[in-house]
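Take the position in the sequence shown, starting the count at 1, then add 151; the result is the number in my numbering. Beta carbons are placed, not taken as given, at the ideal position from N, Cα and C, and that holds for glycine.
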Amino acid sequence: MPISPIMSSVAVSDSSAPAARLRIFEAEGLSKTYDGGRIQALQGVDLIIHEGEFVAILGPSGCGKSTLLNLIGTLEKPCAGMFLYRGRAVNDSFDGQAYRAHDLGFVFQAFHLLPTFSVIENVQMPMFETNWTAKERYQRANELLRSVGLTERLNGFPTQLSGGERQRVAVARSLANRPSVLLADEPTGNLDSISAADVMSLIIRIHREQRITILLVTHDPAVASRASREIRMKDGKIISDSGGMIGLARPHFSEEDPQ
Ligand code: ADP
């Protein structure tokens, strides 16, 4: 039986946060192994994320950051543990496809733009999951590209753009369906420092203007410092959390929660 969204009064580091906020994600004992258990990518992660937080997940290469993001994005399934989205268990009866299409926006290090489609067509791709008309899709993509400063490049192709421009297209695409959560995996990892700063400023502006929840994976402390909360990982575990949430997920799970 799904449990209802829970309001929490736990204080977080974001000083603009109201005292009580909706828990958008809750994880308990989230684990992931590969290679028949020989690789322990995630080892029992407990985590609470509130709506509207901007969380950086930080740590050295191989510590499990992308694995955690992939589990939250339902791109992969955990081997053990529980995970709730807005109080609903993310399990076999959860509609992961609808969740990814309508609730989440993804930004990846390698941009993942389709090279044979124009910039404005790339931004429209997620909108094919909606029932919007072609004109509505075009207008929405146009508006998004304007908001990321790429009005001049609508009909260009990804290969004609710089890395920073490609990532701005990818950010515009991630917002196509007005997601409530943005999952960004090393969004500045392939960029020079000026483009990286540009893309981070864009992400910060999106957070400020839209109050969207952002989870951003990075190995770069300078990038992480721009988020309102920093979670540090090592060897598949959370070792520090500026939101002070370590170990706080557990008491809120009921025995009746579906697995
Ligand atoms: P990070 O994002 O912090 O660099 P990852 O989450 O990508 O770390 O990886 C955590 C560990 O899991 C690493 O040892 C990595 O090699 C391993 N790993 C990740 N994905 C796979 C996979 N699909 N198959 C096997 N091992 C994997």
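May I ask whether a heavy atom of the ligand ADP can be found less than 6 Å away from the beta carbon of residue i?
i             : result
tyrosine 185  : yes
cysteine 214  : yes
alanine 192   : yes
serine 391    : no
threonine 218 : yes
Taking the alpha-carbon positions, what's the residue i to residue j distance?
i              : j                 : result
glycine 300    : aspartate 254     : 24 Å
alanine 292    : alanine 327       : 7 Å
asparagine 282 : glycine 187       : 42 Å
glycine 232    : glycine 195       : 7 Å
serine 166     : threonine 267     : Confidence in serine 166 is poor, its pLDDT being 45 and thus under 50, which makes the residue's placement unreliable; the coordinate value appears in the next sentence. Between serine 166 and threonine 267, the C-alpha separation is close to 44 Å.
glycine 180    : glutamate 227     : 16 Å
aspartate 371  : leucine 209       : 7 Å
glycine 238    : isoleucine 363    : 18 Å
glutamate 360  : serine 379        : 15 Å
arginine 356   : alanine 321       : 15 Å
proline 303    : phenylalanine 262 : In the sequence as presented, proline is not what sits at residue 303; that position holds glutamate. Going from the Cα of glutamate 303 to the Cα of phenylalanine 262 covers about 19 Å.
aspartate 336  : threonine 284     : 31 Å
Using a beta-carbon distance below 7 Å, is residue i in contact with chain B?
i          : result
lysine 228 : Absence of chain B from the displayed structure is noted, only one protein chain being present.
In the structure shown, what three-state DSSP assignment does residue i receive?
i              : result
lysine 216     : helix
glutamate 381  : strand
isoleucine 175 : strand
valine 332     : strand
arginine 237   : coil
glycine 394    : coil
threonine 184  : strand
Where are the alpha helix (DSSP H) runs, 4 residues long or more, that stay fully inside the region 244-285, in chain order?
-> Entirely contained in the region 244-285, the alpha helix (DSSP H) runs reaching 4 residues are, in chain order, 270-275.
Does the region 284-298 touch the region 369-378, meaning 3 or more C-beta pairs lie closer than 8 Å?
-> The region 369-378 vs the region 284-298: no contact.
Which residue spans inside the region 189-233 form an unbroken beta strand (DSSP E) run of at least 3?
-> With a minimum length of 3 residues, the continuous beta strand (DSSP E) runs that stay inside the region 189-233 are 190-201, 205-209.
Please determine if the region 244-261 and the region 324-341 are in contact, where contact requires at least 3 C-beta pairs separated by less than 8 Å.
-> Yes, since at least three Cβ pairs between the region 244-261 and the region 324-341 fall closer than 8 Å, the two stretches touch.
If we count Cβ pairs, one from each stretch, closer than 8 Å, do we get three or more for the region 209-217 versus the region 270-277?
-> The region 209-217 makes no contact with the region 270-277; the number of CB pairs closer than 8 Å stays below 3.
What are the complete alpha helix (DSSP H) segments, minimum 4 residues, inside the region 284-357?
-> If we require 4 residues or more, the alpha helix (DSSP H) runs fully inside the region 284-357 come out as 285-298, 314-325.
Check whether the region 189-208 touches the region 383-392, taking contact to mean three or more Cβ pairs, one atom from each stretch, closer than 8 Å.
-> Under the 8 Å Cβ criterion, the region 189-208 counts as touching the region 383-392, having at least three qualifying pairs.
Three or more beta-carbon pairs under 8 Å between the region 242-254 and the region 342-359, yes or no?
-> The region 242-254 is not in contact with the region 342-359.
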